[in-house]
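Quick note, the sequences are listed as chains G and V, same order.
So that you can map any letter, position 122 of the first sequence is 122 in our numbering, and since no number is skipped, the others follow by simple counting.
So that you can map any letter, position 198 of the second sequence is 429 in our numbering, and since no number is skipped, the others follow by simple counting.
By construction, the Cβ of each residue, glycine as well, lies at the ideal position given by its N, Cα and C atoms.
A short write-up of the structure that comes next.
2 protein chains.
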Amino acid sequence: MIFRQLFESETSTYTYLLGDEETREAVLIDPVAAMVDRDLEVLEEHGLTLKYVLETHVHADHVAGDNTLRERTGCRVGVPEQSGVDCSDFKVREGEPVEVGGIRIEPLYTPGHTDDSHCYVVGDRVLTGDTLLIDGCGRTDFQNGSAGDLFESVRNKLFTLPEQTLVYPGHDYNFRHVSTIGQEKERNPRLGLSNDRADFLEIMANLDLPYPKRIDEAVPANKQCGRGNAA
Amino acid sequence: MIFRQLFESETSTYTYLLGDEETREAVLIDPVAAMVDRDLEVLEEHGLTLKYVLETHVHADHVAGDNTLRERTGCRVGVPEQSGVDCSDFKVREGEPVEVGGIRIEPLYTPGHTDDSHCYVVGDRVLTGDTLLIDGCGRTDFQNGSAGDLFESVRNKLFTLPEQTLVYPGHDYNFRHVSTIGQEKERNPRLGLSNDRADFLEIMANLDLPYPKRIDEAVPANKQCGRGNAA
Numbered sequence: 001m002i003f004r005q006l007f008e009s010e011t012s013t014y015t016y017l018l019g020d021e022e023t024r025e026a027v028l029i030d031p032v033a034a035m036v037d038r039d040l041e042v043l044e045e046h047g048l049t050l051k052y053v054l055e056t057h058v059h060a061d062h063v064a065g066d067n068t069l070r071e072r073t074g075c076r077v078g079v080p081e082q083s084g085v086d087c088s089d090f091k092v093r094e095g096e097p098v099e100v101g102g103i104r105i106e107p108l109y110t111p112g113h114t115d116d117s118h119c120y121v122v123g124d125r126v127l128t129g130d131t132l133l134i135d136g137c138g139r140t141d142f143q144n145g146s147a148g149d150l151f152e153s154v155r156n157k158l159f160t161l162p163e164q165t166l167v168y169p170g171h172d173y174n175f176r177h178v179s180t181i182g183q184e185k186e187r188n189p190r191l192g193l194s195n196d197r198a199d200f201l202e203i204m205a206n207l208d209l210p211y212p213k214r215i216d217e218a219v220p221a222n223k224q225c226g227r228g229n230a231a
Numbered sequence: 232m233i234f235r236q237l238f239e240s241e242t243s244t245y246t247y248l249l250g251d252e253e254t255r256e257a258v259l260i261d262p263v264a265a266m267v268d269r270d271l272e273v274l275e276e277h278g279l280t281l282k283y284v285l286e287t288h289v290h291a292d293h294v295a296g297d298n299t300l301r302e303r304t305g306c307r308v309g310v311p312e313q314s315g316v317d318c319s320d321f322k323v324r325e326g327e328p329v330e331v332g333g334i335r336i337e338p339l340y341t342p343g344h345t346d347d348s349h350c351y352v353v354g355d356r357v358l359t360g361d362t363l364l365i366d367g368c369g370r371t372d373f374q375n376g377s378a379g380d381l382f383e384s385v386r387n388k389l390f391t392l393p394e395q396t397l398v399y400p401g402h403d404y405n406f407r408h409v410s411t412i413g414q415e416k417e418r419n420p421r422l423g424l425s426n427d428r429a430d431f432l433e434i435m436a437n438l439d440l441p442y443p444k445r446i447d448e449a450v451p452a453n454k455q456c457g458r459g460n461a462a
């Protein structure tokens with residue numbers, strides 16, 4: 001499998017490119033509108049054709065590249081069924097793997113950061129979106145987020161994956177690239193096994209975060225698959 | 232490939248188990264004498280037969296499990312040719328891959344921490360021993376270590392691997408499990424690209440580290456493949 005972790009520095013967002021070495025088909029997960037040209041260049045560099053774009057959730061911090069990529073490549077866009085968007089070509093649902101050549105992408109429904117959040121398991125890797133970050137997790141104070149749901153999603157779904165599973169987050173604000181399920185169990189200061197549910201709820205209730213800068217622009221645009229907001 | 236990162240907590244040492252899913256042959260890299268029973272249990276759990284043990288270098292902080300594993304399993308022990316040991320079954324050399332079923336392990340000669348240090352490239356992973364650690368590197372003040380050599384080994388060999396290559400270190404003292412070549416280029420405070428050779432030499436010359444606790448026991452034992460020091 002061709003695997004590339006691509007970075008957008010304004011919002012510290014990771015976009016993931018997965019490509020099948022035989023069929024040369026590819027999928028982009030969480031592409032950013034402002035980085036579509038870069039993404040297309042990387043696809044070309046590897047001789048890949050974009051088959052799908054997948055979203056982990058409706059993002060509040062950046063506008064998605066989905067619609068622009070669809071217009072420019074003819075790819076199909078998959079968005080979680082809970083996202084409430086009409087613009088996708090298909091719905092992402094747990095239990096319905098997405099296949100790209102020989103690559104099998106298994107969606108896990110992991111609400112908490114938002115009520116539509118999914119993670120994607122690909123072999124010994126899991127792309128965790130904003131559900132589980134390295135030493136952290138996404139905030140839970142908008143878009144029907146729920147700290148209780150996030151705790152259950154991480155503990156009952158992500159933490160049941162093998163410990164050596166590689167964790168590729170949707171963001172990192174400190175230039176870290178990758179972790180493992182075992183590492184997050186051991187040292188995630190919010191969700192590590194030394195904390196219980198009450199500890200986690202207290203941490204999340206006291207984060208005192210500012211109102212998200214781009215949410216009023218990004219969420220409506222992303223409900224339209226990023227339409228009208230390409231770079 | 233079956234891949235397990237195993238931890239020994241007294242010296243924060245990672246031992247790596249790689250197993251071929253077809254042939255059920257396995258290799259252990261940098262096993263610790265005190266953890267041989269654990270290692271044999273993990274092999275059994277996965278239904279694997281130990282074919283080889285490989286060392287990244289002659290360790291100064293722990294006694295190797297090589298000889299005990301050889302006595303208990305009949306595996307063959309490979310040690311870098313520069314290590315000056317007579318007890319190995321074969322010498323590890325850059326340019327001479329070690330094959331375990333369909334797994335191809337490519338040694339890279341990366342002197343610096345010690346004059347026999349090697350890293351092992353396995354597909355999209357590199358096991359870096361004490362040459363490159365997450366946000367750090369091994370010390371260079373004993374066993375013919377050389378900060379200049381370490382700088383060249385990291386910059387001219389490890390940093391030429393693809394950025395998404397997973398870095399699995401020989402130790403981590405903060406419970407981190409994995410990094411990438413890209414991450415180390417970006418944020419390793421010693422060897423990251425924002426430092427030049429002179430910066431690195433200055434950092435290494437001023438570490439002011441204590442004399443290694445177990446070096447007087449470990450190095451002579453490891454020159455005998457850990458003989459006489461099993462747990």
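query	result
Neighbourhood of residue 447 (chain V) by C-beta distance below 8 Å, restricted to the same chain and skipping five residues each side	none
Contact belief for residue 62 (chain G) with residue 11 (chain G) at Cβ below 8 Å, rounded distance in angstroms	5 Å
Selection of the stretch 149-179 of chain G by Cβ proximity to chain V, strictly under 8 Å	164, 166, 174, 175, 176, 177, 178, 179
is_contact[residue 186 (chain G), chain V] using C-beta, thresh 8 Å	yes
For residue 454 (chain V), the nearest candidate out of V:247, V:232, V:291 (CA to CA)	V:291
Beta-carbon proximity of residue 450 (chain V) to residue 374 (chain V), cut-off 8 Å	yes
Sufficient close CB pairs (3 or more, under 8 Å) joining the stretch 183-192 of chain G to the stretch 132-140 of chain G	yes
Exposure of residue 145 (chain G), with buried meaning 16 or more beta-carbon neighbours within 10 Å	buried
Chain V residues whose Cβ lies nearer than 9 Å to that of residue 200 (chain G)	Residues of chain V passing the Cβ test: none, with the nearest at roughly 19 Å.
Closer than 9 Å at the beta carbon, the chain V residues around residue 233 (chain G)	Residue coverage of chain G in this structure runs from 1 to 231, which leaves residue 233 (chain G) outside it and unanswerable.
Any C-beta of chain G under 8 Å from that of residue 414 (chain V)	yes
Contact between the stretch 41-55 of chain G and the stretch 196-209 of chain G (3+ Cβ pairs under 8 Å)	no
DSSP state of residue 444 (chain V) mapped onto helix, strand, coil	coil
Same chain, Cβ closer than 7 Å to residue 516 (chain V), neighbours up to 5 away in sequence not counted	Because chain V spans 232 through 462 in this model, residue 516 (chain V) falls outside it and cannot be assessed.
Residue 8 (chain G): first and last residue of the uninterrupted alpha helix (DSSP H) it sits in	Per DSSP, residue 8 (chain G) belongs to no alpha helix (DSSP H); it is in the beta strand (DSSP E), 2-8.
Residue 304 (chain V) in three-state terms, based on DSSP	helix
Residue-chain proximity (residue 38 (chain G), chain V), Cβ-Cβ < 8 Å	no
Amino acids of chain G, ordered along the chain, whose beta-carbon sits closer than 7 Å to that of residue 235 (chain V)	164
Residue 220 (chain G) in three-state terms, based on DSSP	helix
DSSP three-state assignment for residue 339 (chain V), whether helix, strand or coil	strand
Residue closest to residue 34 (chain G), alpha-carbon to alpha-carbon, out of G:27, G:140, G:6, G:19	G:6
Cα-Cα separation between residue 157 (chain G) and residue 149 (chain G), rounded to whole angstroms	11 Å
Contact the stretch 158-167 of chain G vs the stretch 115-125 of chain G: 3+ CB pairs below 8 Å	yes
Local Cβ density within 10 Å of residue 64 (chain G), reported as buried at 16 or more and exposed below that	buried
Buried or exposed (CB count within 10 angstroms, at least 16 for buried), residue 213 (chain G)	exposed
Distance between beta carbons of residue 407 (chain V) and residue 183 (chain G), contact taken as under 8 Å	6 Å
Distance between residue 105 (chain G) and residue 428 (chain V) (C-alpha atoms, nearest Å)	43 Å
Residues near residue 410 (chain V) by beta carbon distance below 6 Å, same chain, minus five either side	365, 398
Span separating the alpha-carbon of residue 317 (chain V) from that of residue 403 (chain V)	30 Å
Local conformation of residue 50 (chain G) per DSSP, three classes	strand
Between the CA atoms of residue 4 (chain G) and residue 153 (chain G) - distance to the nearest angstrom	26 Å
Residue nearest to residue 232 (chain V) in terms of C-alpha spacing, selected from V:282, V:253, V:299	V:253
Residue closest to residue 97 (chain G), alpha-carbon to alpha-carbon, out of G:84, G:88, G:80, G:141	G:80
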